[in-house]
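This report refers to the structure that appears directly beneath it.
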Amino acid sequence: MSETTLTPTSMCPMAETCKRMMKKPFSGLGLAITGVALVALGILILIEPRVVAWVVAATFILLGALMLMIARFVRRIGVGP
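Take any residue in the sequence shown, note its place counting from 1, add 32, and you have its number in the numbering used here.
Structure (structure tokens):
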């Protein structure tokens with residue numbers, strides 16, 4: 033009988049996903065762009081604190097629109113009353 037050797041990579045359930053991500057050169061580009069945007073927004077808020085009110089307002093508008101879309105989707109699939 034041959035004994036299989038266990039390595040940290042073979043035991044990790046995310047190892048295959050990580051291998052596929054490493055083969056794609058732009059797999060982390062979305063995260064990098066989001067990080068740069070958040071840093072820029074933070075600097076803008078430090079320079080002009082009134083921007084916080086606009087960011088909060090935009091967040092509420094986007095979350096409200098998202099909740100309306102989710103409610104429409106749930107109604108269409110017939111889950112709710």
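Just so it is clear, CB atoms sit at the ideal spot from N, CA and C, and this is done for glycine as well.
Remember, it's a predicted structure, so these values are computed and weren't measured experimentally.
- [ ] Indicate whether leucine 73 and valine 88 have their beta-carbon atoms separated by less than 8 Å.
- [x] Against a cut-off of 8 Å, the Cβ pair of valine 88 and leucine 73 comes out as no contact.
Task: Under 8 Å between C-beta atoms of leucine 76 and valine 83 - done: yes
TODO: Under 7 Å Cβ to Cβ from glycine 96, same chain only, skipping five residues before and after it: list those, please.
DONE: A distance below 7 Å between beta-carbons, with the five flanking residues on each side excluded, links glycine 96 to no residue of its chain.
Open item on the list: Under DSSP, the alpha helix (DSSP H) around glycine 110 begins and ends at which residues?
Closed with: It is not in any alpha helix (DSSP H) - glycine 110 carries neither H nor E in the DSSP assignment.
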